[in-house]
Amino acid sequence: MTIIKKLAKKHIIKMRDILIESITDRFLLDEIEQNDIDDIDYIESLERYDEFLEEFLRYNDISGINIYTQSGFLDPKNKFDFLEYNDQECEKFRDYLVEEYGIERSIIE
79 MTIIKKLAKK
89 HIIKMRDILI
99 ESITDRFLLD
109 EIEQNDIDDI
119 DYIESLERYD
129 EFLEEFLRYN
139 DISGINIYTQ
149 SGFLDPKNKF
159 DFLEYNDQEC
169 EKFRDYLVEE
179 YGIERSIIE
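Per the numbering used here, residue 79 is the first one in the sequence shown, and the count goes up by one each step.
As structure tokens, then:
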């Protein structure tokens, strides 16, 4: 069992804002429906990294090299510095996420 590390409030707020923005961006041209409002209410109740990650994975692909494009959300502390945009660097990032945030590797592969 992996222990998810606790995040500072500023990182929680960052992750929450990114998730809410992704919902509102999806419906920029359409009206936001009740289930979208319910999703936003649910997101506002989240407090832990693993909860945010689970919600994020409902709408985003982080397989393979796609993890690079999602690094701003996945690493709210912004400590990992991608040297290159390639598979090896993405694998190092996955290792970093497991070490830094305590998440299960299988979730991010």
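Virtual Cβ for every residue (Gly too), placed ideally from N, Cα, C.
Of the candidates Glu99, Arg94, Asp159 and Arg172, Arg172 places its Cα closest to the Cα of Asn144. Only residues of its own chain outside the window of five on either side were considered, and among them Asp165 and Cys168 have a CB closer than 8 angstroms to the CB of Gly142, listed in chain order. Comparing C-alpha distances from Leu135 to each of Asn113, Tyr163, Phe151 and Ser123 shows the shortest one belongs to Phe151. Within its own chain, the residues whose Cβ lies closer than 7 angstroms to the Cβ of Val176, once the five positions on either side in sequence are excluded, are Arg183, listed in chain order. Taking 8 angstroms as the cut-off, the beta carbon of Ile121 is found no closer than this to the beta carbon of Ile90.
With a 10 Å radius around the Cβ and a threshold of 16 neighbouring Cβ atoms, Leu131 comes out buried.
Counting only residues of its own chain and dropping the five nearest sequence neighbours on each side, Arg94 has a CB closer than 8 angstroms to the CB of Ile121, Glu122, Leu124 and Phe130. Taking a contact as a CB-CB distance under 8 angstroms, the pair Phe160 and Tyr146 counts as one, their CB atoms being some 6 angstroms apart.
In the DSSP annotation of this structure, Ile143 is not part of any alpha helix (DSSP H), being labelled neither H nor E.
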